[in-house]
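Visitor: Residue numbers (my numbering): 1269 to 1492. Note that CB positions come from ideal geometry on N, CA and C, so glycine has one too.
Written out as structure tokens, the structure is:
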């Protein structure tokens, strides 16, 4: 079904749109926000939960975009209106932090998954990187947002939630998320297939060395 928001200012075309009423501040009326950065989140939960919150307007939380593990994208708030995704600040490490409430000048993207054990049953946790479809979708959303806003993709316009709240959100988006990798992909210098952790690269080298040693042992014993 074609999106009813295609072509509307602040709404990304060709993605799912479920508008929520859980957003906004009296001093930043709808469609007047001037974002200066994108904040990345790991939702410590499932996309279907956040989508249902938006659909029913049942929880006083929101983000502009929700991206699931399979790369499906849902937008719930215009990028020119403040969502409720990162209002609290503590131990700020974002060099360009303007002060005040980050919700009033940032766009929030929630990504499905867990960065740490939530203390209840879950079926996956990210340790060595995010799923390729989710990363690809995130790059697509970042490019559209930054393009709409006329911003360059830098370490000051693309940040993690931990950079505005290093206390209660120290693991958001978590150790499996790499700002450098994301920026490289957005700017076209980091192909997705090259995204691998140091541990993965070392494991691959060790495996190759092991195969070489095994082959040498076979040759030394007169095999092959």
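Measuring only the C-alpha atoms, how far is residue 1302 from residue 1391?
Guide: Distance between the alpha carbons of residue 1302 and residue 1391 is about 38 Å.
Visitor: List the whole-angstrom C-beta distance separating residue 1306 from residue 1375, where the pair is believed to meet the contact cut-off of C-beta under 8 Å.
Guide: At roughly 5 Å, the Cβ-Cβ gap stays under 8 Å, so residue 1306 and residue 1375 are in contact.
Visitor: Do you know offhand how far residue 1324's Cα is from residue 1436's?
Guide: Their backbone Cα atoms lie some 27 Å apart in a straight line.
Visitor: Does the distance from the CB of residue 1449 to the CB of residue 1280 come in under 8 Å?
Guide: It is not a contact, given that the beta carbons lie outside the stated cut-off.
Visitor: Given a threshold of 16 other Cβ atoms within 10 Å of its Cβ, counted over all protein chains shown, does residue 1493 qualify as buried or as exposed?
Guide: Lying before the first or after the last residue shown, residue 1493 is absent from the chain, which here runs from 1269 to 1492.
Visitor: How is residue 1462 classed by DSSP in three states: helix, strand or coil?
Guide: Residue placement at residue 1462 is flagged as unreliable, the pLDDT there being 40, under the threshold of 50; the coordinate-derived value follows with that caveat. Here residue 1462 sits in helix by DSSP.
Visitor: Taking the alpha helix (DSSP H) that residue 1320 belongs to, which residues open and close that run?
Guide: From DSSP, the alpha helix (DSSP H) with residue 1320 extends over 1315–1324.
Visitor: At 4 residues or longer, and completely inside the region 1391–1447: list those alpha helix (DSSP H) runs for me, N to C.
Guide: Counting only runs of 4 or more, we get 1400–1417.
Visitor: Could you give the distance in angstroms between the alpha-carbon of residue 1378 and the alpha-carbon of residue 1447?
Guide: If I take the Cα positions, the gap works out to 15 Å.
Visitor: Below 6 Å CB to CB, which residues in the same chain sit around residue 1333 once its five sequence neighbours on both sides are set aside?
Guide: Excluding residues within five positions, the ones whose Cβ falls inside 6 Å are 1343, 1377, 1409.
Visitor: Drop a sphere of 10 angstroms on the beta-carbon of residue 1428, count the other beta-carbons inside from all chains shown, and report buried for 16 or more, exposed for fewer.
Guide: The residue in question, residue 1428, is buried, as its Cβ has 16 or more Cβ neighbours within 10 Å.
Visitor: If I follow the unbroken beta strand (DSSP E) through residue 1308, where does it start and stop?
Guide: Unbroken beta strand (DSSP E) run through residue 1308: 1305–1310.
Visitor: Going by the beta-carbon positions, is the gap between residue 1395 and residue 1351 smaller than 8 Å?
Guide: Contact: no.
Visitor: Relative to the alpha-carbon of residue 1277, which residue among 1318, 1354, 1347 has its alpha-carbon at the smallest distance?
Guide: Of the listed residues, the one whose Cα sits closest to residue 1277 is 1347.
Visitor: Are the region 1310–1323 and the region 1283–1298 touching by the rule of at least three beta carbon pairs closer than 8 Å?
Guide: The region 1310–1323 vs the region 1283–1298: in contact.
Visitor: Who are the near neighbours of residue 1441 in its chain, counting only those whose CB is closer than 7 Å to its CB and skipping five residues on each side?
Guide: Excluding residues within five positions, the ones whose Cβ falls inside 7 Å are 1308, 1309, 1310, 1379, 1383, 1428, 1429.
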